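There are 2 protein chains.
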Amino acid sequence: MATRNSYTLAMPTPDRTSLPDIVAAGRHILEADGLGAVTMAAVAARVGVRPPSLYKRVRDRDDLIRLVAESAVAEMGVELAAAEQDSGDPRARLGDLIGALRTYARTHPAVYRLVFTPVTEGVELPRDLLEANSAPLFAVVAELAGPDHALEAARTVTAWATGFVAMELNGAFRLGGELDAAFEYGIDRLARAIADD
Amino acid sequence: MATRNSYTLAMPTPDRTSLPDIVAAGRHILEADGLGAVTMAAVAARVGVRPPSLYKRVRDRDDLIRLVAESAVAEMGVELAAAEQDSGDPRARLGDLIGALRTYARTHPAVYRLVFTPVTEGVELPRDLLEANSAPLFAVVAELAGPDHALEAARTVTAWATGFVAMELNGAFRLGGELDAAFEYGIDRLARAIADD
DNA sequence: ACCTGAACACCGTTCAAGT
DNA sequence: ACCTGAACACCGTTCAAGT
Chain W
14 MATRNSYTLA MPTPDRTSLP DIVAAGRHIL EADGLGAVTM AAVAARVGVR PPSLYKRVRD
74 RDDLIRLVAE SAVAEMGVEL AAAEQDSGDP RARLGDLIGA LRTYARTHPA VYRLVFTPVT
134 EGVELPRDLL EANSAPLFAV VAELAGPDHA LEAARTVTAW ATGFVAMELN GAFRLGGELD
194 AAFEYGIDRL ARAIADD
Chain Z
14 MATRNSYTLA MPTPDRTSLP DIVAAGRHIL EADGLGAVTM AAVAARVGVR PPSLYKRVRD
74 RDDLIRLVAE SAVAEMGVEL AAAEQDSGDP RARLGDLIGA LRTYARTHPA VYRLVFTPVT
134 EGVELPRDLL EANSAPLFAV VAELAGPDHA LEAARTVTAW ATGFVAMELN GAFRLGGELD
194 AAFEYGIDRL ARAIADD
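Each protein sequence line maps, in turn, to chains W and Z. For reference, each letter of the first sequence is one residue, going 14 to 210 in this note's numbering. For reference, each letter of the second sequence is one residue, going 14 to 210 in this note's numbering.
If you want it as structure tokens, here you go:
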């Protein structure tokens, strides 16, 4: 019965790739060879298509990079949420959360960098995604600092955590010494600093 | 007496630019239009030369960018040292120092970013330059934390400061509220946190 | 409706040829 | 000894032509 339906639905060329495939390819190349290696040609080759075909699914390279960053943020959110499952006292949970962030940065350095340093001026990550990611930390900090100073305390802790991880990632701690000890020292002092009052 | 001397010294083409000029041009374009705008063509045009001529003074674009970063680090060091002149108690000097870093980031965002985020994997800034820049902060922190915990304390403060400035620069503080207040709160808690023991 | 080759503008870089 | 035009490889992107 090759009638109207099978005729109008017949696709002259079947889809040879998909947006998720393209984003996954970008992710893979980013982690393997860095942001500079994420070219339209490299991504196209990885999904088995020619570069112009990518423009059917993404507006341009910036758009693709943004989608990669979004997928990474979502993944990080899952890992942060998982880290908090092992609940204990607030101080311990704070260490677990920031430790999970640090672990993610070490295991996915290029992806972490992409998320935490704005690659292109105009490109923004969706606000609700970022809020979802920072929610667990915000909650623990509120427990430690009390509701009055929750916002400032969260900012202080977040600034320290992202600063520490960035410096570790960039090899900016040049004076030797135990980095794990510096991390524990920092967490400890921060937790006390925002709690005391 | 157009003799041997004037003959051997005669330069077939006089220098039309210089390394300092090239670095300054790169700096200017970086601050005005961002890192992506610092192309060999743009820099060459600004110093009045054709792109291939730049390769007489710099190895390649990465080399040029590195020189721009170095000149920026040197300039930042001067401003940090100047901020510390207005000496008061250690707590106040700590605020002045980090405040100067923050001011520099706000007035030279692209340059600040270049210095604090490694643009290319292999490129390193000279160690003594970075040490000179962190020396004032290290000294103040040592006063506050005592010699035993000076290193860990300095790392904690530096991580917080660079993290805070980076987040402010990237618009990562999305929940409103007074940023200056958050800054003061952070400095205050940090100073107490590393002092207490 | 997606895919492709051809083409374009732009970029970093090299090199032989000028002076 | 520095400067230049010409050339090359590579990149992002567009578009008409295929199916």
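Glycine is no exception: its CB is placed at the ideal position from the N, C-alpha and C atoms. Remember, it's a predicted structure, so these values are computed and weren't measured experimentally.
Contacts of residue i in chain W (Cβ-Cβ under 7 Å)
{"i": "Z:I207", "result": "R202"}
Chain Z within 8 Å of residue i, Cβ atoms only
{"i": "W:G190", "result": "yes"}
{"i": "W:A50", "result": "no"}
{"i": "W:M89", "result": "no"}
{"i": "W:M180", "result": "yes"}
{"i": "W:P33", "result": "no"}
8 Å contact criterion, which residue i and residue j should meet: CB distance rounded
{"i": "W:I42", "j": "W:V36", "result": "11 Å between Cβ atoms; not a contact."}
{"i": "Z:L150", "j": "Z:A208", "result": "Contact flag wrong, Cβ pair sits at about 15 Å."}
{"i": "Z:L127", "j": "Z:L93", "result": "Not a contact, Cβ separation roughly 17 Å."}
{"i": "W:A174", "j": "W:V154", "result": "About 11 Å; that fails the 8 Å criterion."}
{"i": "W:H121", "j": "W:E181", "result": "Their Cβ separation, rounded to whole angstroms, is 14 Å, which puts W:H121 and W:E181 out of contact at 8 Å."}
{"i": "W:R202", "j": "Z:A206", "result": "4 Å"}
{"i": "Z:A123", "j": "Z:L48", "result": "6 Å"}
Amino acids of chain W, ordered along the chain, whose beta-carbon sits closer than 9 Å to that of residue i
{"i": "Z:N183", "result": "F129, T130, P131"}
{"i": "Z:T169", "result": "W173, F177, A195, Y198, G199, R202, L203"}
Partners in chain Z for residue i, counting only beta-carbon separations shorter than 8 Å
{"i": "W:E165", "result": "G190, A194, A195, Y198, G199"}
Amino acids of chain Z, ordered along the chain, whose beta-carbon sits closer than 9 Å to that of residue i
{"i": "W:L143", "result": "A185, R187"}
{"i": "W:R260", "result": "Past the boundaries of the shown model lies residue 260 of chain W; chain W is included only from 14 to 210, so the question cannot be answered."}
Counted within 10 angstroms of its Cβ, other Cβ atoms place residue i as buried (16 or more) or exposed
{"i": "W:S19", "result": "Because W:S19 sits at a pLDDT of 42, beneath the cut-off of 50, its placement in the model cannot be relied upon, and the point is left open."}
{"i": "Z:P131", "result": "buried"}
{"i": "W:L188", "result": "exposed"}
{"i": "Z:Y68", "result": "exposed"}
{"i": "Z:G190", "result": "exposed"}
{"i": "W:G199", "result": "buried"}
{"i": "W:A15", "result": "Low per-residue confidence applies at W:A15: pLDDT is 34, beneath 50, and the placement is therefore not dependable enough to give any value."}
{"i": "Z:D109", "result": "buried"}
{"i": "Z:E137", "result": "exposed"}
{"i": "Z:V81", "result": "buried"}
{"i": "Z:G101", "result": "exposed"}
{"i": "W:S31", "result": "exposed"}
{"i": "Z:T171", "result": "buried"}
{"i": "W:E144", "result": "exposed"}
{"i": "Z:V91", "result": "exposed"}
{"i": "W:G176", "result": "buried"}
{"i": "Z:R72", "result": "exposed"}
{"i": "Z:T133", "result": "exposed"}
{"i": "W:G184", "result": "exposed"}
{"i": "W:A204", "result": "buried"}
{"i": "Z:T169", "result": "buried"}
{"i": "W:R140", "result": "exposed"}
{"i": "W:R79", "result": "buried"}
{"i": "W:G159", "result": "exposed"}
Of all the residues that make up the region 123-135 of chain Z, which are near chain W by a beta-carbon distance shorter than 9 Å? R126, F129, T130, P131, T133, E134
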